[in-house]
Amino acid sequence: MVDVALVHPPVDTQPLSSAEGQTSEYPLMPMGLFSMADYLERSGFSVRVVNLALERLLNPGAGLRQLLAGLEAEVVGVSLHWFVHSYGAVEVARFVKSLLPDSKVVLGGFTASFFAREIVERYSFIDAVVVGEGEEALLEIASGAPLEKVKGVVYREGRKVLWSGYREPARDLEKYRFTNLKVFDRWNLYLRCSPSGYAPTRRPSFWVAVARSCPMNCAYCGGSREGYMAAMGRAEPALRRPERVAEDVEALAAEYGVKIVKLSHDPLIWGESYYSRLMEEIAKRGLDLRAYWDLTFLPSEELARKALRAFEGGLCWGLSVETVNDEVRARIGRPYTLGDIERFLPVAERVGALLDGYFLVGLPGDTRADVEKGIEYALETMRRYNNVYFVPPFPYTIDPNAPMALRPKDYGVKVLCGSFECYRRLAKSHKWADWVLHETAQLSRREIAELTERFYKTLVEAYRRGEFAENVALRYSFEHEGAVVRLPAGGGR
Ligand code: SF4
Numbered sequence: 033m034v035d036v037a038l039v040h041p042p043v044d045t046q047p048l049s050s051a052e053g054q055t056s057e058y059p060l061m062p063m064g065l066f067s068m069a070d071y072l073e074r075s076g077f078s079v080r081v082v083n084l085a086l087e088r089l090l091n092p093g094a095g096l097r098q099l100l101a102g103l104e105a106e107v108v109g110v111s112l113h114w115f116v117h118s119y120g121a122v123e124v125a126r127f128v129k130s131l132l133p134d135s136k137v138v139l140g141g142f143t144a145s146f147f148a149r150e151i152v153e154r155y156s157f158i159d160a161v162v163v164g165e166g167e168e169a170l171l172e173i174a175s176g177a178p179l180e181k182v183k184g185v186v187y188r189e190g191r192k193v194l195w196s197g198y199r200e201p202a203r204d205l206e207k208y209r210f211t212n213l214k215v216f217d218r219w220n221l222y223l224r225c226s227p228s229g230y231a232p233t234r235r236p237s238f239w240v241a242v243a244r245s246c247p248m249n250c251a252y253c254g255g256s257r258e259g260y261m262a263a264m265g266r267a268e269p270a271l272r273r274p275e276r277v278a279e280d281v282e283a284l285a286a287e288y289g290v291k292i293v294k295l296s297h298d299p300l301i302w303g304e305s306y307y308s309r310l311m312e313e314i315a316k317r318g319l320d321l322r323a324y325w326d327l328t329f330l331p332s333e334e335l336a337r338k339a340l341r342a343f344e345g346g347l348c349w350g351l352s353v354e355t356v357n358d359e360v361r362a363r364i365g366r367p368y369t370l371g372d373i374e375r376f377l378p379v380a381e382r383v384g385a386l387l388d389g390y391f392l393v394g395l396p397g398d399t400r401a402d403v404e405k406g407i408e409y410a411l412e413t414m415r416r417y418n419n420v421y422f423v424p425p426f427p428y429t430i431d432p433n434a435p436m437a438l439r440p441k442d443y444g445v446k447v448l449c450g451s452f453e454c455y456r457r458l459a460k461s462h463k464w465a466d467w468v469l470h471e472t473a474q475l476s477r478r479e480i481a482e483l484t485e486r487f488y489k490t491l492v493e494a495y496r497r498g499e500f501a502e503n504v505a506l507r508y509s510f511e512h513e514g515a516v517v518r519l520p521a522g523g524g525r
């Protein structure tokens, strides 16, 4: 029996071997799960972390009963951060309550926080939802505090659903540790997971927290300033000091053999001075690491070379082109034009950085013609630059707390789903159209799904025909061990 079990749910709960197929297992756990487990352990509680998505991949014939055999805990926290786990989290909570009727079953995370009241009202086997960042509330629950005394909790009392009141998020994140992987006994397998699954050839990688919340407000992002406030109650982002982030990076490499670190935010969001200090702190540690992060600002060649001095193993950046229409991109909050991207592409090529290109189909203002031009732009860019790989787009499902969902009229979108139940149902669907939960003045739900599928198929079929073989091989070799392709010579120094 442990004091607290923290369970990361699967997308679906039936044995994987009998499942009809789905887009992703999503074994990645939210970073907060590690800091919560560590915080509880350092406070004297015994903790067990169970990643059911990973367990399901490792044991495809097993159902929840086998996967959770032997689970005993006073408090079971089920993570419901990304909405893709809406179905799985509810089913795990249901099963845990039937297995351990005297234990407290508590949900937490972005999606749970945003829909806290609806979740507790609907599901009698869920005792409470922790709203917002969970370290302090979970510690108090584990200590046996009555739920009404724990700030930041929606809970049930008899037939009533009550809110215990707002909890101010921690101003200083330094008391939390984000890289104590030993809280999870499968950490060495976990390092080889990506959103789509587990691959033994994948280089060990781990996400590093730079901040909580974001000063940017991208219209489609639940992690934006407005979205974070709506779900987690944090009005201002909390940024970690560069030295602490660098210490995490060093610990991951030295203690756990991590080869690729993935930064939660583009450090340039906080200005060149923060960015430079972070890169210098990492560079002086002399680690042979690769790094990935999504670009919010396009770095100059000088800044790109600073990053390469920190990460001598190589860099891969996410490049959110999103649309070929500059007005649309500006309206959703991405601070660069197609011209800026065109000027940046040769910089990335010269320094030898790989780029994951992203398009998002269904942005307000984008027309069918814009999306078709986007497909052409992706193909043509990969013909010009073999360090660029465009990720075949899956349907974009609007985050329930994204600015565009919170203020649909301001952005010119119509949101087709506003309840937890709707997200829970879609998580089981294999139809692409079901995953599109909005429409714009220019494109209906059906058109968004159809254009996304066309974009996806065009790229996948081109890759299958062997076009862009070098682009694909470079990207694969960045992530996987034993790949023979060398990264482009850029020279970090
Ligand atoms: S997409 Fe990135 S930069 Fe934009 S709001 Fe979200 S976290 Fe911030």
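If you use this note's numbering, the sequence shown corresponds to residues 33 to 525, in order.
Cβ coordinates follow ideal geometry from the N, Cα and C atoms, glycine included.
Bear in mind the structure is a predicted one, so any value in this text is a computation, not a measurement.
Residue of the options minimising C-alpha distance to residue i
i, options, result
"residue 294", "440, 350 and 313", "350"
"residue 66", "131, 503 and 210", "210"
"residue 262", "434, 466, 335 and 400", "434"
"residue 397", "373, 312 and 444", "444"
"residue 313", "472, 331 and 341", "341"
"residue 426", "138, 45, 153 and 483", "483"
"residue 13", "253, 145 and 201", "Residue 13 is absent from the structure shown; the chain starts at 33 and stops at 525."
"residue 130", "366, 145 and 100", "100"
"residue 392", "185, 366 and 466", "366"
"residue 345", "315, 358 and 371", "315"
"residue 500", "466, 421 and 459", "421"
"residue 94", "446, 47, 405 and 423", "47"
Integer-rounded CB distance, given that residue j should sit under 8 Å from residue i
i, j, result
"residue 285", "residue 321", "6 Å"
"residue 256", "residue 246", "6 Å"
"residue 273", "residue 244", "Their Cβ separation, rounded to whole angstroms, is 14 Å, which puts residue 273 and residue 244 out of contact at 8 Å."
"residue 375", "residue 270", "About 33 Å; that fails the 8 Å criterion."
"residue 36", "residue 77", "6 Å"
"residue 45", "residue 104", "Actually they do not touch by this definition, with Cβ atoms about 20 Å apart."
"residue 456", "residue 119", "5 Å"
"residue 75", "residue 106", "Residue 75 to residue 106, Cβ: 14 Å. No contact."
"residue 472", "residue 394", "7 Å"
"residue 162", "residue 137", "Not quite, the Cβ-Cβ distance comes to about 12 Å (not below 8 Å), so this is no contact."
"residue 390", "residue 330", "At roughly 14 Å, the Cβ-Cβ gap does not stay under 8 Å, so residue 390 and residue 330 are not in contact."
"residue 277", "residue 319", "Contact flag wrong, Cβ pair sits at about 13 Å."
"residue 43", "residue 57", "6 Å"
"residue 253", "residue 431", "7 Å"
"residue 126", "residue 193", "Rounded, the Cβ-Cβ distance is 18 Å, inconsistent with contact."
Residues that DSSP places opposite residue i in a beta bridge
i, result
"residue 225", "230"
"residue 79", "36"
"residue 395", "Looking at the DSSP assignment, residue 395 forms no beta bridge with any residue, so it has no partner."
"residue 239", "294"
"residue 348", "324 and 386"
"residue 111", "140"
"residue 127", "According to DSSP, residue 127 bridges with nothing at all."
"residue 595", "Any question about residue 595 goes unanswered here, given that the chain covers just 33 to 525."
"residue 281", "Paired residue(s): none; residue 281 is not in a bridge."
"residue 193", "188"
Contacts around residue i, its chain only, beta-carbon distance under 8 Å, and the 5 residues preceding and following it disregarded
i, result
"residue 232", "224"
"residue 308", "335 and 338"
"residue 283", "211"
Buried or exposed (CB count within 10 angstroms, at least 16 for buried), residue i
i, result
"residue 339", "buried"
"residue 474", "buried"
"residue 503", "buried"
"residue 160", "buried"
"residue 33", "exposed"
"residue 70", "buried"
"residue 507", "buried"
"residue 305", "exposed"
"residue 189", "exposed"
"residue 172", "buried"
"residue 157", "exposed"
Cut-off 7 Å between Cβ atoms - residues of its own chain near residue i, not counting five sequence neighbours on either side
i, result
"residue 485", "464"
"residue 59", "83, 85, 86, 89, 225, 229 and 230"
"residue 383", "333, 336, 337, 340 and 522"
"residue 452", "118, 147, 150 and 151"
"residue 289", "236"
"residue 299", "242, 306, 307 and 310"
Contacts around residue i, its chain only, beta-carbon distance under 6 Å, and the 5 residues preceding and following it disregarded
i, result
"residue 348", "324, 386 and 510"
"residue 409", "356"
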